[in-house]
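Trainee: Oh and the sequence shown: position 59 is 59 in UniProt numbering, straight run, nothing missing. Quick one: this structure, given as structure tokens, is what I'll be asking you about.
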Amino acid sequence: MGRQKVTEESLQGQAGSSAFNRGRVYLGQGRVENLRVTTTSATATVDGSRPYHVRLELRHPRIAGECPCPQGAAGIFCKHCVAATLAWMAEAGPLPLPVPEPPEVADERLRAFLATRDAAWLVEELMRAAGTVPLLRARLEAAAGTDVTTVLDVGPLRRRLSRTIEATCADLDGESSGDLREILAEVDELTVAGFAPTAVELTEHAIDLITPHLDDNDFLVRSLFLSVQRLHLKACTDGHPDPVALADRLVDQAPATGEVFLDALPDYAEALGETGMARYRERVGDAWRALNSGDADEPPDDTDETEKPDEPGDPATIARLRERLAEVEGGADALITVLTESTPSNKDILRIAGALVSEDRDHDAVEWVRRGLAQHDGDVGLRELGAECLVRTGDRRGAVELLWPVFIDSPTLRKYQALANAAGDHWPRWRERALTLLRESLAQSGADYGHRVLVEILLWEGDVEGAWRAAQEVSVHDAGLLLKAARARGVTHPADAIPVLLDHADQEIASKGKTRYSRAANYLAEAQLLAEQAGETEEFVRHMAQLRAKHKAKPALRRYLDQGRLP
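This is how it looks when you write it as structure tokens:
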């Protein structure tokens with residue numbers, strides 16, 4: 001296999017279509033200046049809203065870019081990096097990525113070198129490093145016999161963590177989330193440096209602070225919670241906290257944290273160990289027995305001050321914990337035993353089939369899928385899982401037959417892709433049948449939805465000509481899909497794409513607002529580049545003169561047009 005290379009296709013996949021298109025426009029406008037390249041890196045100045053100095057480096061598995069613009073500062077491969085990369089590729093062609101040296105080779109080389117140094121040199125180097133890296137000094141102090149609890153003061157870190165979580169949960173715009181992620185990186189370093197018990201305490205503190213805000217159902221809050229939970233799991237696995245306390249926490253917080261702690265097993269099994277698993281099993285069993293005896297919602301007996309913690313009273317939570325525990329400890333067969341204590345629902349059957357798949361028991365999974373479809377023939381999840389199993393067993397025809405009704409009933413690109421994957425070498429025959437039925441359905445209904453699906457399918461297959469024709473029949477309500485088709489069409493027929501881009505620009509201008517004006521300028525800049533390729537520069541200049549005259553009372557729009565170097 002040859003070395004991986006940076007191509008326009010891979011660059012678009014890395015940066016995203018929007019940044020890639022803007023970068024290509026910037027290159028076409030001559031905004032990339034002072035390009036200097038070596039065999040593995042490049043620098044350039046890209047003229048955006050101001051000049052941006054961009055640095056690029058070929059690293060495995062993709063090119064890395066640094067840019068001081070807001071997107072670049074957030075670690076995003078921005079349009080300025082795209083423009084500079086395209087300029088580099090214009091000189092050198094596809095850029096070969098380096099083959100990384102295995103880390104163990106580099107480690108062995110360094111270890112061999114250190115083995116040749118005398119003790120005094122090593123001591124001085126360690127003392128110098130410890131003076132600048134507090135965690136390293138703390139590790140050395142602990143190794144020297146100092147009490148671990150005194151070598152590292154995490155009080156300031158804990159206070160910063162508390163303040164930032166409160167600010168982040170109150171700030172739905174996400175302005176504080178970057179600060180929180182930086183602090184969480186510091187907590188992660190504690191685990192790596194050997195202070196996992198401290199990291200456990202800090203992450204559990206963070207979990208307690210974030211959990212009440214999960215009810216807000218805010219994506220940002222839930223995303224941050226998942227980040228904290230992953231650090232907690234890592235710290236628990238390395239730090240081995242009190243297994244009984246950990247088991248109680250996982251059970252007690254299951255109702256409030258959704259699927260995060262509902263599905264704590266098997267991830268936390270190692271950290272729990274035998275003692276923790278026994279406690280977890282005891283808590284779940286007590287909750288199940290209380291539920292079935294009708295005492296789950298009874299108030300606690302105040303006369304017994306030593307009773308066990310309150311069990312989670314929500315029946316769905318208790319059932320989920322019990323099912324998960326059974327699957328982890330006894331596999332698919334144990335899960336089947338639990339779920340078939342009563343008539344299993346289609347959702348239960350899907351879980352059973354999934355558990356069987358995880359044990360490579362595809363034939364058994366298919367039998368359960370067919371059992372579920374006998375109850376509810378239209379269950380898409382069951383059909384898709386059954387098809388995956390049949391493909392693995394070699395029964396591609398059976399897989400297609402399972403998926404076919406799903407596609408015909410409600411065609412989508414994803415379902416079409418699933419059909420193609422299931423059919424394998426037999427796909428050409430099934431493809432013609434699928435497209436014929438889809439077009440016949442369109443002819444009868446004329447619904448926009450079907451046209452949108454057809455355009456998406458043809459674009460996915462690389463049939464730009466067919467997608468472009470189909471896109472002409474899509475309502476203006478799906479202008480985004482028409483734009484996608486136009487951009488693909490513009491690669492070979494730039495004149496066809498220009499009116500679509502101009503129409504999008506007009507719609508954005510009509511909507512008003514700085515963000516809309518910025519988008520309009522971007523569309524116009526793309527159209528300008530296509531006009532140059534199509535030999536329609538004069539027509540584009542006349543269009544811009546008319547547009548500026550029509551909107552001369554909009555200074556904000558003029559500023560964006562000027563920044564885009566538009567006529």
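Even glycine gets a Cβ: it sits at the ideal position worked out from N, Cα and C.
Pick helix, strand or coil for lysine 234, following the three-state DSSP scheme.
Mentor: Reduced to three states, the DSSP call for lysine 234 is helix.
Trainee: Please identify the residue among Gly466, Ala534, Lys512 and Glu201 whose C-alpha is closest to the C-alpha of valine 491.
Mentor: The shortest Cα separation from valine 491 among Gly466, Ala534, Lys512 and Glu201 belongs to Ala534.
Trainee: Tell me which same chain residues have a C-beta within less than 7 angstroms of the C-beta of leucine 152, skipping the five on either side of it?
Mentor: Ala138, Phe195 and Thr198.
Trainee: So the alpha helix (DSSP H) isoleucine 63 belongs to, where does it begin and stop?
Mentor: Segment 63-66 is the beta strand (DSSP E) holding isoleucine 63; no alpha helix (DSSP H) there.
Trainee: How big is the Cα-Cα spacing for threonine 7 and alanine 83?
Mentor: Taking the straight line from one Cα to the other gives about 13 angstroms.
Trainee: Could you pull the DSSP bridge partners for lysine 5 from this structure?
Mentor: DSSP output for lysine 5 lists Pro96 as bridge partner(s).
Trainee: Near valine 54, which residues of its chain fall below 6 angstroms by C-beta distance, leaving aside the five closest residues on each side in sequence?
Mentor: These residues qualify, in order along the chain: Ala44, Val46, Cys67, His80, Cys81 and Ala84.
Trainee: So, are the CB atoms of threonine 211 and threonine 164 less than 8 angstroms apart?
Mentor: No, Cβ-Cβ distance for threonine 211 and threonine 164 is not below 8 angstroms.
Trainee: With distance defined between alpha-carbon atoms, name the residue in Ala485, Phe407 and Ala443 nearest to alanine 434.
Mentor: Comparing Cα positions, the closest option is Phe407.
Trainee: Cβ of glycine 145 less than 8 angstroms from any chain C Cβ?
Mentor: In the structure shown, chain C does not exist; there is a single protein chain.
Trainee: Leaving out five residues before and five after histidine 213 in sequence, what residues of the same chain have Cβ atoms less than 7 angstroms from its Cβ?
Mentor: So the qualifying residues of the chain are Cys169 and Val221.
Trainee: Can the beta-carbon of arginine 279 be found less than 8 angstroms from the beta-carbon of aspartate 248?
Mentor: Result yes, Cβ atoms of arginine 279 and aspartate 248 sit closer than 8 angstroms.
Trainee: Which first and last residues belong to the beta strand (DSSP E) in which aspartate 47 is found?
Mentor: Run containing aspartate 47: 41-47, per the beta strand (DSSP E) assignment.
Trainee: Under 8 angstroms, do leucine 122 and leucine 114 count as touching if we go by C-beta distance?
Mentor: Yes. Within cutoff.
Trainee: Using DSSP with H/G/I as helix, E/B as strand and the rest coil, what is aspartate 304?
Mentor: Caution applies to aspartate 304, whose pLDDT of 47 falls short of 50 and renders its modelled position unreliable; the value that the coordinates give is listed next. Reduced to three states, the DSSP call for aspartate 304 is coil.
Trainee: Identify the residues that DSSP records as bridge partners of glutamate 367: which are they?
Mentor: Answer by DSSP bridge pairing: none, since glutamate 367 is not bridged.
Trainee: Determine the direct distance from the alpha carbon of histidine 543 to that of glycine 16, and round the result to whole angstroms.
Mentor: Between glycine 16 and histidine 543, the C-alpha separation is close to 29 angstroms.
Trainee: What do you reckon, are the CB atoms on alanine 470 and leucine 502 nearer than 8 angstroms?
Mentor: The answer is no: Cβ separation not under 8 angstroms.
Trainee: Let me make sure I understand the geometry here. Which of Gln375, Leu373, Gly381 and Thr343 has the alpha-carbon closest to that of glycine 354?
Mentor: That would be Gly381, whose Cα lies nearest to the Cα of glycine 354.
Trainee: Just list the residues that DSSP pairs tyrosine 52 with in beta bridges.
Mentor: Tyrosine 52 pairs with Val46.
Trainee: On a CA-only basis, which of Leu454, Leu339 and Gly30 is nearest isoleucine 326? Give me that one, please.
Mentor: Reading off the sequence shown, one finds alanine at residue 326, where the question assumed isoleucine. Looking at the Cα atoms, Leu339 is the closest of the given residues.
Trainee: Check whether the Cβ of leucine 35 lies closer than 7 angstroms to any heavy atom of the ligand MG, and answer yes or no.
Mentor: The ligand MG is absent from the structure shown, which contains no ligand whatsoever.
Trainee: Given this structure, state the Cα-to-Cα distance separating leucine 350 from glutamate 182, to the nearest angstrom.
Mentor: Rounded to the nearest angstrom, the two C-alpha atoms are 40 angstroms apart.
Trainee: May I have the straight-line CA-CA distance separating alanine 334 from threonine 275, to the nearest angstrom?
Mentor: If you take the alpha carbons of alanine 334 and threonine 275, they lie about 21 angstroms apart.
Trainee: Just to confirm the assignment: which complete alpha helix (DSSP H) runs, minimum length 4, are found wholly within the segment 140-192?
Mentor: Within the segment 140-192, the complete alpha helix (DSSP H) runs of at least 4 residues are 148-151, 155-170 and 177-192.
Trainee: For glutamate 341, report the span of its beta strand (DSSP E) as first-last.
Mentor: Per DSSP, glutamate 341 belongs to no beta strand (DSSP E) and is neither H nor E.
Trainee: Hey, how far is the Cα of leucine 419 from the Cα of aspartate 252?
Mentor: Answer to the nearest angstrom: the Cα atoms are 43 angstroms apart.
Trainee: Go through the segment 436-471 residue by residue and report every complete run of the alpha helix (DSSP H) that reaches 4 residues or more, in order.
Mentor: List check, alpha helix (DSSP H) in window: 448-461 and 464-471.
Trainee: Enumerate in chain order the residues of its own chain whose CB-to-CB distance from serine 345 is below 8 angstroms, with the five nearest sequence positions on each side excluded.
Mentor: Nothing listed; no residue qualifies.
Trainee: Is the beta carbon of aspartate 364 sitting closer than 8 angstroms to the one on glycine 372?
Mentor: Taking 8 angstroms as the Cβ cut-off, aspartate 364 and glycine 372 do not qualify as a contacting pair.
Trainee: Can you have a look at histidine 451 and say buried or exposed, based on whether 16 or more other CB atoms are within 10 angstroms of its CB?
Mentor: So histidine 451 counts as buried.
Trainee: What are the boundary residues of the beta strand (DSSP E) that leucine 35 is part of?
Mentor: Unbroken beta strand (DSSP E) run through leucine 35: 32-37.
Trainee: Going by beta-carbon coordinates alone, are alanine 485 and tryptophan 468 separated by less than 8 angstroms?
Mentor: For alanine 485 and tryptophan 468, yes; Cβs fall inside 8 angstroms.
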